[in-house]
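Right, one structure below, let's go through it.
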Amino acid sequence: MTRAFCSATRRRFALTLTLSAALGMGSLAAHAAPADDQQAIRHVLMKTFDRPEARLQVDPIVIHKDHAIADWQQGDRGGRALMRRSDDGRQWEINLCAGDGLKHVHMLEQTGMAAADARALSGALARAESRLDKATLARLASFEGIVRMGPNGEHPPVAGHGAAAHGGHDAHGSHAGHDDHKAQHGGSKAAKH
């Protein structure tokens, strides 16, 4: 009986180890998803705004459910991009670009985000940005206004498409990525889209 007991105990122990390893791998896969999402978000921003003469840096990126905020810097400018998972859930899209406004729950709620999700995303951003130095935080704050974006990195047509309607592009000055983006769409503040 002692041998049978030891053999059964070993089998149970082996099964427990196997299940623990399998569950552990499942847990690792679940934790890998945010890294995959971060990589996808970084790719969208790099594809849209990175230029050889003005390299884009994207960090940190915080994610909560189907929303994310990505801090970016390009030269002496910076800002934040609010990202949203596409309706089919397969890709990330730029919803809007702004500065310090994206740190605030009320602004996130104004984008249609549920209050609890806005609080969670804002809190995650505050924790991530607590490790940044003052110069970096100042660059992130340098983006003035709000630029709404379409799913392909373009900004949708705006009624009354003048300086006031397009204040985000014009208000934040010479941010190279957005300046290049404007040039691709016809140049000046009164450009046709």
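Letter by letter, the sequence shown follows residues -32 to -1, 1 to 161 of mature numbering (1 follows the signal peptide of the UniProt record, and there is no 0).
Built from N, CA and C at the ideal position, the CB exists for glycine as well.
Would you call the CB atoms of ALA22 and ALA38 closer than 8 Å? The residue labelled residue 22 in the question sits at position 54 within the sequence shown. The residue labelled residue 38 in the question sits at position 70 within the sequence shown. Going by C-beta atoms, ALA22 is not nearer than 8 Å to ALA38.
GLY67: buried (16+ other C-beta within 10 angstroms of its C-beta) or exposed? As a working note, residue 67 is residue 99 in the sequence shown. GLY67 is buried by the Cβ-count criterion.
DSSP state of GLN6 mapped onto helix, strand, coil: Looking up residue 6 in the sequence shown gives position 38. Residue state, collapsed to three classes: helix.
With three or more C-beta pairs closer than 8 Å as the rule, is the segment 29 to 43 touching the segment 87 to 98? Result yes; three or more Cβ-Cβ pairs closer than 8 Å.
Beta-carbon proximity check, GLY46 vs LEU108, cutoff 8 Å: Here residue 46 refers to the residue found at position 78 of the sequence shown. Here residue 108 refers to the residue found at position 140 of the sequence shown. With contacts defined by Cβ atoms closer than 8 Å, GLY46 and LEU108 form a contacting pair.
Collapsed DSSP secondary structure at HIS72 in the structure displayed: The sequence position of residue 72 within the sequence shown is 104, counting from 1. Coil, per DSSP.
When the Cα of ASP101 is compared with those of ALA83, ARG116, ALA8 and PRO28, which residue comes out closest? Along the sequence shown, one-based indexing puts residue 101 at 133. When ALA83, ARG116, ALA8 and PRO28 are compared, the shortest CA-CA separation from ASP101 is found for PRO28.
ILE114 and GLY69 look like a contact to me (Cβ under 8 Å); what is the Cβ gap, rounded to whole Å? Walking along the sequence shown from the start, residue 114 turns up at place 146. Walking along the sequence shown from the start, residue 69 turns up at place 101. The beta-carbon separation of ILE114 and GLY69, rounded to 7 Å, stays under the 8 Å limit for a contact.
ILE62 and MET75 - do their beta-carbons sit closer together than 8 Å? By one-based count along the sequence shown, residue 75 stands at place 107. By one-based count along the sequence shown, residue 62 stands at place 94. No.
Taking the straight line between their C-alpha atoms, what separation do you get for TRP60 and ASP5? What you label residue 60 is simply residue 92 of the sequence shown in a count that begins at 1. What you label residue 5 is simply residue 37 of the sequence shown in a count that begins at 1. Each residue's Cα considered, the two are about 8 Å apart.
In the structure shown, what three-state DSSP assignment does GLN59 receive? Here residue 59 refers to the residue found at position 91 of the sequence shown. Three-state DSSP puts GLN59 in coil, outside helix and strand.
I need the straight-line Cα distance from PRO2 to ARG116, nearest angstrom please. On the sequence shown, position 34 is the one that residue 2 refers to. On the sequence shown, position 148 is the one that residue 116 refers to. Pairing PRO2 with ARG116, the inter-Cα distance amounts to about 24 Å.
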